[in-house]
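Data block below; observations after.
Protein chains: 4
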Amino acid sequence: MLAFMQYSTNRNIIFVAMRGNSFGQVFKLQTFGESHGSAIGGIIDGMPAGVQLNLEEVQLELDKRRPGQSSITTQRKEKDQVQFLSGIFEGKTMGTPIGFIIANEDQKSKDYSHIKDAYRPSHADYTYDAKFGDRDYRGGGRSSARETACRVVAGALAKQVLKPLGIEFNTYVSQVENIRLLTPPDKIDFNLIESSIVRCPDASVANQMIERVHSVRKAGDTVGGVVSAYITGIPSGLGEPVFDRLHADIGKAMLSINAVKGFDYGSGFLAATMRGSQHNDEFVKKEGIISTKTNYSGGIQGGISNGLPIYFRVAFKPVATVLQDQQTIDNKGNTVDLKGKGRHDPCVVPRAVPIVEAMAAMVILDHYLRNKSAKID
Amino acid sequence: MLAFMQYSTNRNIIFVAMRGNSFGQVFKLQTFGESHGSAIGGIIDGMPAGVQLNLEEVQLELDKRRPGQSSITTQRKEKDQVQFLSGIFEGKTMGTPIGFIIANEDQKSKDYSHIKDAYRPSHADYTYDAKFGDRDYRGGGRSSARETACRVVAGALAKQVLKPLGIEFNTYVSQVENIRLLTPPDKIDFNLIESSIVRCPDASVANQMIERVHSVRKAGDTVGGVVSAYITGIPSGLGEPVFDRLHADIGKAMLSINAVKGFDYGSGFLAATMRGSQHNDEFVKKEGIISTKTNYSGGIQGGISNGLPIYFRVAFKPVATVLQDQQTIDNKGNTVDLKGKGRHDPCVVPRAVPIVEAMAAMVILDHYLRNKSAKID
Amino acid sequence: MLAFMQYSTNRNIIFVAMRGNSFGQVFKLQTFGESHGSAIGGIIDGMPAGVQLNLEEVQLELDKRRPGQSSITTQRKEKDQVQFLSGIFEGKTMGTPIGFIIANEDQKSKDYSHIKDAYRPSHADYTYDAKFGDRDYRGGGRSSARETACRVVAGALAKQVLKPLGIEFNTYVSQVENIRLLTPPDKIDFNLIESSIVRCPDASVANQMIERVHSVRKAGDTVGGVVSAYITGIPSGLGEPVFDRLHADIGKAMLSINAVKGFDYGSGFLAATMRGSQHNDEFVKKEGIISTKTNYSGGIQGGISNGLPIYFRVAFKPVATVLQDQQTIDNKGNTVDLKGKGRHDPCVVPRAVPIVEAMAAMVILDHYLRNKSAKID
Amino acid sequence: MLAFMQYSTNRNIIFVAMRGNSFGQVFKLQTFGESHGSAIGGIIDGMPAGVQLNLEEVQLELDKRRPGQSSITTQRKEKDQVQFLSGIFEGKTMGTPIGFIIANEDQKSKDYSHIKDAYRPSHADYTYDAKFGDRDYRGGGRSSARETACRVVAGALAKQVLKPLGIEFNTYVSQVENIRLLTPPDKIDFNLIESSIVRCPDASVANQMIERVHSVRKAGDTVGGVVSAYITGIPSGLGEPVFDRLHADIGKAMLSINAVKGFDYGSGFLAATMRGSQHNDEFVKKEGIISTKTNYSGGIQGGISNGLPIYFRVAFKPVATVLQDQQTIDNKGNTVDLKGKGRHDPCVVPRAVPIVEAMAAMVILDHYLRNKSAKID
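See the structure below:
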């Protein structure tokens, strides 16, 4: 293993960079907030004007991401109540930016004194220090996944624009450790997703997953998993070659979520083992409608949607915070003992489902609007 | 399988969108060109001023991507000679945009009359028609991977800025169909990459791969594979949370390459099957230098580089053009027969190696410069 | 006078666009908020990490823009208290986005019923309706200059980064109607700016301006003016040809402020009447230091700062709300009478001074950081 | 006059920045090229697909900017022949990027040896050295106005999209030194613009201007002027508050042109001297059509077009190259004599007319397309 680059310990330096806290080109989200500041929040710019909103539905999406929602998530409680400050008037969007905040209620800063100087393994403590010169160490600060609540808000609004267009999102847990849902997505009854707390739309597999998470938690450990999505009703023509291919932007969206390690779509990594004669999606015409026999392309060809369902997988690593003691080093380079304590998720994927769905909805709406800058009449 | 959205056959409509032909924030590449127009090319903006360039090395990178380079690539011949038009003066960069073109020599337009109206399976013919209303059907036009030659030019220049900083790229073929190189990247002798025409740095595995490609070609078929990369010498601190994480931008870069179906980094999809206690990279101090015992993080934590090697995998589907007859439909919805003919790659991964490396170099330099907007003095 | 384009009265249409509520490339401000919603606010991304902030100074800048501050501004009262929600920890910036809000206190919505449907002359009522299909009519909604308070916050933070670098901003009122301050900027004592409520750094001219504003207000009318700025200590090298010239970005910044009708810098419009032999700034060397005899260039040549003072003028139109009855039309095309009432500024320039200065500071810092992405070491 | 900041004479440093060689958000132009390299050129991304082009008209626009076109321009000859490389197929746009080049024919590098090290007054020689560490000194290199030829190409294409929509551009010279065209734009016969070589649509004023330029040239001097534009047929709704107001983007476009010192629109700087009661554009209804009595707003209110004509003025300084000897300094700080020689424009405004018009067309089309990302159906 190579050595780390030594980073400056000179804390008088000012660290500058072109930051990356906004997402999207036409439908844009910019977020702010540390996990233990007074609030997190964001601004959505590019929301179409004249859309009648259902703000209760936004809160329902947040509730799916909320800590403390079930026996397999962290028992930390946080209401995650979103408050909209602008852009909405008499229930409708005005085309002006939508500002919103979510207050941080669970600000037990004393919980974090033990990690003020220590670098937790596989967290962002060391890299934030190296990059920013200093950090808000309380609960991960900006690197905490708490920030993803803002994405859920934006995604929920995006879905409300897309739904009347017939675009539907189905997002679910397809793997926890080695327990896999093998049913192909076009055979799944997506109405069952919310029937289990693990959000796997197959009762039997879901139960195995839940048991596994319970036993992992009991062992003071954590476990990884996979979230899958299946999106229907996408019109053909979305995606902008050669760089902003639809799947490239979806992939970036997913890889920007905390703990994600991999992304593939359509045939995915399996495609590497296939032959062209087998992988090609042949065009067919049946009762006047053109389609393809197979959909290894995952609804995207040449980076552009073809009207067929888009599906993809997102791999999550196990949560880095384990309830076991670990040895590590601090910001002076001293070896220190790190106690495993606190309330953390034994498995992140059930709560990641609404985040994956939100990011997908944002990308689809963004590309819908980019392409919609269409037809001159 | 669901039906396609019907797309308009009205060819008088004008199709507008916010296009996506540029890449990067500070080190930016904008490309142009169809495979059978007079030339392809691009503009690099944000190249630092005062860099002494070796233009021969740029050409060597292009030669690695060039068609006709070996018995396992397409036998199409194209010199792919890059011509720089600006931004370089007396051998050094001036900080002004670098314009360049690569002439298209192989413009046998008659070859393509048979696909003028037909939609080739798993190509972008249908989606380009749906999106743009029309297309340059000759050899794929803009959707052809020929465009990636421009990326190789920009990546080669990026590498010349990064090399003196100690940043090294090692990119290789790690899988062809079910033949896999199982050696972990830190045990590989990367000097062997160019020893085999398949660019796999293990002679025995490479030979198996080459044989497989030969037999696939003989069968008139194509086959997929995986390209892997291992980058060393990255300073800590690169990557911009929360959206422009280093691996998210690398992932988007890879997914923007033709035929790519998946991307993962570090432990990747395997992370889904692991436990936190096993996956965590423990910090250790040895002879005054801080490092980690393992590197499941793949050199990136919280979206920011930590100074350890970055490694990732890119999955490629089998090339869609097979030398077998296929049935398909044309743009009037009629069923047509498609003859398998022409000179195409039986397996794209050997030629994809320089493209993957170029995109990685562009992302790393872009983030280096974004972060370099650093220290106020 | 040509006729208006007819705009759709169909209120079921959804209006989409790529919006423009953010400013800057590296130091970026995104704002939100309507004048009569619950709050306005913004997010600053790209603020360097490690900067010790003085938040009281930010409030002092807001106080200069605040309504009700003197006898020549609107008598509307609004505290304009900024609340920071993120990005600052223990008094220092963390390099993470700075979210902030300013509560709207003066929400007397009933005041605005008379303009719910009527289009006030030379306001944005008609154009907002045409563009967005609908609008928050209360006090101008998003089109109100209240939004500029967010710019003052961002500009005040920018100045705190620039001040230690020796960059000083001097912004003042140089004209009210036909009363002009004729002193060249390098002869002005800028310490006097805040000595008069009109912010003109010459007591005698200031008094004439104040009298004029009082008499204009008495007549129920409003009056235009000019704000000038003189910036010293700018290092050479800021500004990015060929499009993002330093003065082009300053000009856009100024033209984005409500009521601005013109911008010029250096010799400005006067340059049109000059000859090259007279206008050229000759280089001279005195006591080892290189400078120029004159500074018609206004500190910028070829779009790049040369180290000499930058100066420019910004022309403001008279406020459109007059206390006189006017005839106009409503959104059904009917002629209606508009009563002149409410509390409005008779002359906007005294309160525009901090806004002009804030926008200038944002542009200078943005370009400083863009250029700072400099020297590879 | 204050001293320059000392800039580093260390030529081993590498100079990095986030460059600014692209313009526009949806309709985007990226340019490259130095005046004495092999070619200049650009890429237009975002051009709508399906537009039938007239490439001869593009060349006609270039001819209006071409050197050597008349007795009042530089006598340097350059054909300025544009060559399109991509994005156009069988006469129509394909929605893919349009790459183009214009060869540099007049590459007499020896002409420039005398300015290799000397800083010409009021040119960009010093600032380019300070910013980039070095420069292509031949004929101004990147800082030469030759680069604007690329803008003319993009603007000419933009006009071909806008013309069928009824949008017309009328751009003319309204001032040379103290000779002014006083006719208000709505009374001008724009058919006369091309009747005189100075492009002033009033024969008598035009003749005075031409005489003046002749006498200025004879004196070895140069002179400034003003270009005005009057655009009709703009639909209401273009422009994106709060920062990307239509006039702010037009202003930036103009200020990005070489030698421009000022911009105002509608009532402009005159507005500073007016009262609200006089300046307000009252709405009126005549024969069912709504319009305004006056148009001091210049067709833009709240940053959004209202359907009335947009008009603005652009001030140009006198060309810095005079045929008189001047004293200056070189890059070692030595005083040197600069001979006035070469072939240069005595007055830049006649050739600036197509550049102003091109930039205006690009902004209008960009905002048209940004807003066109409209109506969800």
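Protein chains in written order, with numbering that gives the first Met the number 0: chain R, 0 to 376; chain G, 0 to 376; chain Z, 0 to 376; chain P, 0 to 376.
Each residue gets a CB set at the ideal place from its N, CA and C atoms; glycine is no exception.
| query | result |
| --- | --- |
| Does the distance from the C-beta atom of G223 of chain G to that of K158 of chain G stay below 8 Å? | no |
| Hey, how far is the Cα of Y6 of chain R from the Cα of G332 of chain R? | Confidence at Y6 of chain R is low in this model, with a pLDDT of 44, below 50, so its placement is unreliable and the value that follows should be read with caution. About 11 Å. |
| May I ask you to list, following chain order, the residues of the segment 272-285 of chain R that have a beta carbon less than 7 Å from some beta carbon of chain G? | T272, M273, R274, G275, S276, H278, N279, D280, E281, F282 and K284 |
| Would you decide whether N9 of chain G is buried or exposed? Buried here means 16 or more other CB atoms lie within 10 Å of its CB. | Legend: pLDDT at N9 of chain G = 46, less than 50; position of this residue unreliable, value from coordinates given subsequently. When all chains shown are included, N9 of chain G counts as exposed. |
| What are the boundary residues of the beta strand (DSSP E) that I230 of chain G is part of? | G224 to T231 |
| Can you pull the chain P residues whose beta carbon is under 8 Å from the beta carbon of M17 of chain R, in chain order? | M17 |
| Can you tell which of P:Q80, P:S70 and P:I87 has its C-alpha closest to the C-alpha of A102 of chain P? | P:Q80 |
| What distance in whole Å lies between the Cβ atoms of G40 of chain G and I100 of chain G, which are believed to be in contact at a cut-off of 8 Å? | 4 Å |
| Please tell me whether I249 of chain Z and I71 of chain Z are closer than 8 Å, where the distance is taken between their beta carbons. | no |
| Is it buried or exposed, A202 of chain P, if we count other Cβ atoms within 10 angstroms and call 16 or more buried? | exposed |
| Would you call the segment 257-270 of chain G and the segment 253-266 of chain R touching, i.e. three or more CB-CB distances under 8 Å? | yes |
| Expressed to the nearest angstrom, what Euclidean distance is found between the alpha-carbon atoms of T147 of chain P and T95 of chain G? | 15 Å |
| What three-state label does DSSP hand I375 of chain R in the structure shown? | Residue confidence for I375 of chain R is low, a pLDDT of 48 falling below 50, so the modelled location carries little weight and cannot support an answer. |
| What does R179 of chain R pair with, by DSSP beta-bridge criteria? | R:Q174 |
| Provide the residue(s) that pair with V241 of chain Z in DSSP beta bridges, ordered along the chain. | P:G19 |
| Suppose you measure from the CA of G422 of chain R to the CA of N53 of chain Z; what does that come to, to the nearest Å? | Chain R is shown from 0 up to 376; residue 422 of chain R falls before or after that span and cannot be answered. |
| Under the DSSP definition of a beta bridge, which residues are partnered with S304 of chain P? | P:I299 |
| Can you tell me whether A218 of chain Z is helix, strand or coil according to DSSP? | coil |
| Output needed for Y111 of chain G: all residues of its chain with C-beta closer than 8 Å, excluding positions within five of it in sequence on either side, in chain order. | H35, Y136, R137 and G138 |
| Measure the alpha-carbon distance for G165 of chain R versus I230 of chain R and round it to whole angstroms. | 10 Å |
| For the candidate residues G:A38, G:G90 and G:I354, whose alpha-carbon lies nearest to that of N169 of chain G? | G:I354 |
| Please state whether DSSP places V312 of chain R in a helix, a strand or coil. | The amino acid at residue 312 of chain R is misidentified as Val; the sequence shows Arg. In this structure, R312 of chain R counts as strand in the three-state DSSP scheme. |
| Verify the CB distance criterion: does I13 of chain R have a CB-CB separation below 8 Å to chain Z? | yes |
| Against K217 of chain P, what residues of chain Z qualify as contacts under a CB-to-CB distance less than 8 Å, listed in chain order? | In chain order: nothing, as chain Z lies at least about 13 Å away. |
| With C-beta atoms as the reference, is V226 of chain P less than 8 Å away from V172 of chain P? | yes |
| What residue does the alpha helix (DSSP H) around F131 of chain R start on, and which one ends it? | D124 to F131 |
| Tell me which residues share the same chain as M273 of chain Z and place their Cβ nearer than 8 Å to its Cβ, disregarding the 5 neighbours each side in the sequence. | S266 and Y295 |
| Taking the beta carbon of K378 of chain Z as the centre, do at least 16 other beta carbons fall within 10 Å, making it buried, or is it exposed? | Missing from the structure shown is residue 378 of chain Z; chain Z here goes from 0 to 376 and no further. |
| Counting along the chain, where does the alpha helix (DSSP H) carrying V151 of chain R start and finish? | T147 to L161 |
| Applying the criterion that 16 or more other CB atoms from any shown protein chain within 10 Å of the CB defines a buried residue, is S214 of chain G buried or exposed? | exposed |
| Report the rounded CA-to-CA distance for L59 of chain R versus Q207 of chain G, giving the unit in angstroms. | 54 Å |
| Would L59 of chain Z pass as an interface residue toward chain P - the criterion being a Cβ-Cβ separation below 8 Å? | no |
| Considering Cα atoms alone, identify which of G:E286, G:I43 and G:N279 is closest to H122 of chain R. | G:N279 |
| Thinking just about the alpha-carbon of each residue, which of G:V197, G:P66, G:A129 and G:E55 is nearest to the one in N370 of chain R? | G:A129 |
| From R:V57, R:E167, R:K27 and R:V50, pick the residue whose C-alpha is nearest to that of I43 of chain R; which is it? | R:K27 |
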